[in-house]
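A short worksheet on the structure shown next.
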Amino acid sequence: MDYMFFRSIAGSPLVRFFVSYDIACQWHIHVWDRLRQYEDETITIDGWGKFVTFLASPPTLRNTDGEAPERGWANANPLACSTKEMGPGSRRDTLDDHFNDANHKKIIALGYMLPKKVENAVAEMVRTRQALDDLEASLGAGAVAEWETMAQAWEKDSAKPNLFATLRKDQHVAQVHAELAAEAAAREAAGKEKVGAVRGDMHITELVGMGLQLEDQQRILVFDVAATGLHPTDGQRRAMIERSSKLHRKIVAWMDLQVKFFPGLGNVREMEDAERARLAETQPIPGVSVSDIKLWMPSAIAAAPGSVARDVPVEDEIHQHEYRLRIGQAEEALHKVRRLLLVRTHVYHLKDEHSRGRSASQYRAAQQALVSLGRVLKCHDWQRTLLELKLDDVRGLPQATFHDPERKKKKGRRRKRQARVERPASWIWTTTGAEYDPADGAAMNEAVQIEWARTRARSHRWKEEVDLLEEEMARVRHFFAWRAAHWREQVGRRALLEGPQLEGETAYALRQAAVQEELSESVAEEWEPLAELVRRGRAGELEESEMVGASEGATGEDGDGGSDEDDKGESTEGEAEDPIPVLPRREIKTTYVDEVLVMEG
1 MDYMFFRSIA GSPLVRFFVS YDIACQWHIH VWDRLRQYED ETITIDGWGK
51 FVTFLASPPT LRNTDGEAPE RGWANANPLA CSTKEMGPGS RRDTLDDHFN
101 DANHKKIIAL GYMLPKKVEN AVAEMVRTRQ ALDDLEASLG AGAVAEWETM
151 AQAWEKDSAK PNLFATLRKD QHVAQVHAEL AAEAAAREAA GKEKVGAVRG
201 DMHITELVGM GLQLEDQQRI LVFDVAATGL HPTDGQRRAM IERSSKLHRK
251 IVAWMDLQVK FFPGLGNVRE MEDAERARLA ETQPIPGVSV SDIKLWMPSA
301 IAAAPGSVAR DVPVEDEIHQ HEYRLRIGQA EEALHKVRRL LLVRTHVYHL
351 KDEHSRGRSA SQYRAAQQAL VSLGRVLKCH DWQRTLLELK LDDVRGLPQA
401 TFHDPERKKK KGRRRKRQAR VERPASWIWT TTGAEYDPAD GAAMNEAVQI
451 EWARTRARSH RWKEEVDLLE EEMARVRHFF AWRAAHWREQ VGRRALLEGP
501 QLEGETAYAL RQAAVQEELS ESVAEEWEPL AELVRRGRAG ELEESEMVGA
551 SEGATGEDGD GGSDEDDKGE STEGEAEDPI PVLPRREIKT TYVDEVLVME
601 G
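Numbers 1 to 601, taken from the UniProt record's numbering, label the letters of the sequence shown in order.
Listed below in structure tokens is the structure:
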């Protein structure tokens with residue numbers, strides 16, 4: 001990746017680059033230091049006056065689809081079977097033909113593709129702006145002004161304080177991974193690594209870490225499948241099937257590596273397969289869901305009944321590796337639960353009586369694994385801080401913690417609440433070593449600050465998306481008009497032509513001009529209602545009758561719901577997410593994909 005990136009921008013006259021690599025936030029670290037490792041003079045980059053941005057969605061870049069360049073090559077992959085047998089000239093011509101065809105189809109599709117993007121962008125602009133307004137309404141004006149100043153300063157200079165960053169006191173999985181990798185490298189350098197800790201190029205710590213990641217992906221898939229409801233669309237069903245198949249392939253590949261470290265697991269899985277085959281004879285739909293595949297982590301082996309623990313011996317050092325990773329996983333998940341609950345306690349209209357989010361589920365899985373590992377390692381220190389997380393434990397702080405006189409006045413319009421005994425704070429706020437102290441306003445402010453920064457960024461990106469889509473549509477219309485004029489200018493340009501050839505070329509040029517003019521008129525008519533939709537969306541004038549697709553309730557960024565104990569019995573008016581505005585159904589006109597030939601004059 002480094003070489004391809006450096007080679008691509010070497011010698012380019014462009015001044016500003018936006019890197020849409022999906023993990024650019026991690027990959028760009030030390031990227032310029034890695035450049036010095038290449039001695040090839042052909043990739044020497046003159047950095048003077050060049051600006052490279054590695055952000056996924058920086059200001060002014062709206063919600064750009066960074067995967068678009070990759071799709072063209074993905075569609076061209078089947079050509080490899082033919083092009084690998086061709087010479088350089090034929091290969092280039094073949095690729096040019098297919099890419100020209102794809103570009104032409106994309107131009108023709110702009111007439112109905114851009115309106116869909118505008119409808120979606122206006123809906124998201126309204127929704128995210130309302131979310132930002134609701135959040136800021138529950139905050140003090142001074143805090144919002146201070147954060148806005150910090151955000152603008154950071155957008156101009158990334159060396160300034162970052163509102164998206166959090167000061168963490170607990171461990172997290174990435175930190176533990178780094179520590180384990182450093183320790184393993186030190187042991188290998190000193191020649192003290194145990195025999196069997198490495199199989200091929202895989203270290204046992206990497207295997208355990210990959211297992212935790214696969215567990216998380218199984219958990220995420222379960223929540224996402226449940227979120228599609230009982231009647232998913234064809235697109236949702238296809239996406240879930242593809243994700244399940246991809247995850248299944250990952251798990252199978254990981255199991256092949258796992259059995260090299262734990263040969264006894266081969267027999268255990270054979271017995272599992274035999275039992276599933278026996279049960280499949282009585283099931284209407286045989287097989288096992290990919291999310292239900294048991295990975296047999298060391299903690300699961302230790303907790304297994306029967307002879308599994310005896311047949312699959314696991315060294316204490318491997319248990320210790322997983323123990324440290326599970327501690328980091330549990331603390332990271334609990335950190336996210338607390339942060340989301342803090343935000344939901346502060347922004348009272350985002351609430352859910354039952355939190356069944358992925359973070360709580362992840363914590364419970366890690367805590368259950370620690371029970372088994374702690375018994376094997378005779379280590380129980382973690383039990384003081386990482387308790388069992390019951391459903392009732394996942395609740396926000398009492399509203400008294402966030403006393404706000406102005407907010408009390410606003411709530412006067414709500415129905416009078418019934419008197420009840422206030423419950424004490426959950427253990428997740430009072431446990432020793434917890435990141436958030438119930439009396440710590442700074443911790444609450446940090447959590448809300450991060451949520452405000454994210455909400456603000458989403459709102460700004462969707463506003464930019466609407467602005468730039470308007471500009472794109474204007475440019476498309478100008479392009480079609482220019483293209484029509486271009487074809488008319490070709491009439492009579494070639495000298496020494498006469499007779500049928502002159503007539504044929506003239507007719508062809510005029511036909512192409514007519515096609516471009518018809519496209520220009522078609523999109524102008526097709527897009528006419530969009531201007532009013534955009535205007536009303538910006539002005540906040542969209543009516544309820546124009547909205548469809550309202551969602552019930554609201555959830556957090558990872559599916560975690562919160563609860564607001566003091567808001568029970570209040571009116572929930574206006575608490576559902578804003579519905580999505582759409583245009584009236586339009587008739588799709590035929591295109592010229594099969595008729596128009598592309599030819600440069």
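Yeah, the Cβ is synthetic: ideal placement off N, Cα and C, and Gly gets one too.
Fair warning: this is a prediction, and the values are worked out from it, not measured in the lab.
So, using beta-carbon positions, are residue i and residue j closer together than 8 Å?
{"i": "V308", "j": "I301", "result": "yes"}
{"i": "T228", "j": "M240", "result": "yes"}
{"i": "R219", "j": "R358", "result": "yes"}
{"i": "A121", "j": "W462", "result": "yes"}
{"i": "S520", "j": "R475", "result": "no"}
{"i": "E272", "j": "A365", "result": "no"}
{"i": "I9", "j": "F17", "result": "yes"}
{"i": "S245", "j": "L221", "result": "no"}
{"i": "L469", "j": "L114", "result": "yes"}
{"i": "L180", "j": "R456", "result": "no"}
{"i": "D393", "j": "S372", "result": "no"}
{"i": "T128", "j": "S459", "result": "yes"}
{"i": "R187", "j": "E193", "result": "yes"}
{"i": "Q367", "j": "L386", "result": "yes"}
{"i": "V534", "j": "V491", "result": "no"}
{"i": "H321", "j": "V208", "result": "yes"}
Quick check on DSSP: helix, strand or coil for residue i?
{"i": "D564", "result": "Unreliable positioning characterises D564 in this predicted model, as indicated by a pLDDT of 38, which lies under 50. A coordinate reading is not provided."}
{"i": "R494", "result": "coil"}
{"i": "V394", "result": "coil"}
{"i": "V198", "result": "strand"}
{"i": "A80", "result": "helix"}
{"i": "N63", "result": "coil"}
{"i": "F480", "result": "helix"}
{"i": "D311", "result": "helix"}
{"i": "E552", "result": "The predicted model places E552 with a pLDDT of 35, which falls under 50 and marks its position as unreliable, so this point remains unresolved."}
{"i": "H319", "result": "helix"}
{"i": "W527", "result": "coil"}
{"i": "G72", "result": "helix"}
{"i": "N267", "result": "helix"}
{"i": "S299", "result": "helix"}
{"i": "G142", "result": "helix"}
{"i": "G540", "result": "coil"}
{"i": "residue 610", "result": "No answer is possible for residue 610: it lies beyond the span of the chain, which begins at 1 and ends at 601."}
{"i": "S372", "result": "helix"}
{"i": "K409", "result": "Here K409 scores only 47 on pLDDT, less than 50, and its place in the model should not be relied on; the value that follows carries that caveat. Helix, per DSSP."}
{"i": "E193", "result": "coil"}
{"i": "Y450", "result": "According to the sequence provided, residue 450 is Ile. The question's Tyr does not apply to it. Helix at I450."}
{"i": "D467", "result": "helix"}
Which residues bound the alpha helix (DSSP H) around residue i?
{"i": "R92", "result": "88-137"}
{"i": "D224", "result": "204-227"}
{"i": "V259", "result": "234-261"}
{"i": "R34", "result": "31-35"}
{"i": "D2", "result": "2-9"}
Ends of the beta strand (DSSP E) at residue i?
{"i": "F17", "result": "16-18"}
By a C-beta neighbour count over all protein chains shown, 10 Å radius and 16 as the cutoff for buried, is residue i buried or exposed?
{"i": "I318", "result": "buried"}
{"i": "E573", "result": "Reliability fails at E573, whose pLDDT of 33 lies under 50, so the model's placement of it is uncertain and no value is given."}
{"i": "F5", "result": "buried"}
{"i": "S12", "result": "exposed"}
{"i": "G196", "result": "exposed"}
{"i": "E552", "result": "Low confidence applies here, because E552 scores a pLDDT of 35, under 50, leaving its location unreliable; read the following figure in that light. Flag for E552 reads exposed."}
{"i": "D594", "result": "Only weak support exists for where D594 lies, its pLDDT of 32 falling under 50; the coordinates are left without a value."}
{"i": "Q512", "result": "buried"}
{"i": "G72", "result": "exposed"}
{"i": "residue 602", "result": "No answer is possible for residue 602: it lies beyond the span of the chain, which begins at 1 and ends at 601."}
Using only alpha-carbon positions, find the residue among the options that is nearest to residue i.
{"i": "F480", "options": "R461, S522, A226, Y112", "result": "S522"}
{"i": "L212", "options": "E193, V173, A189", "result": "V173"}
{"i": "K336", "options": "M125, A143, V448, E525", "result": "V448"}
{"i": "W482", "options": "A304, G499, E518", "result": "E518"}
{"i": "H248", "options": "N267, L180, I293, L114", "result": "I293"}
{"i": "V312", "options": "T128, A153, R34, G264", "result": "G264"}
{"i": "L391", "options": "Y363, E532, K106, R384", "result": "Y363"}
{"i": "I204", "options": "V466, M1, V314", "result": "V314"}
{"i": "V118", "options": "L79, W527, L502, G540", "result": "W527"}
{"i": "M473", "options": "P529, E505, G499", "result": "P529"}
{"i": "F262", "options": "R310, N162, Y112", "result": "R310"}
{"i": "A495", "options": "T506, L377, L139", "result": "T506"}
Quick check on residue i - is its C-beta less than 8 Å from some C-beta in chain B?
{"i": "H104", "result": "Given the protein chain composition of this structure (a single chain), no chain B is represented."}
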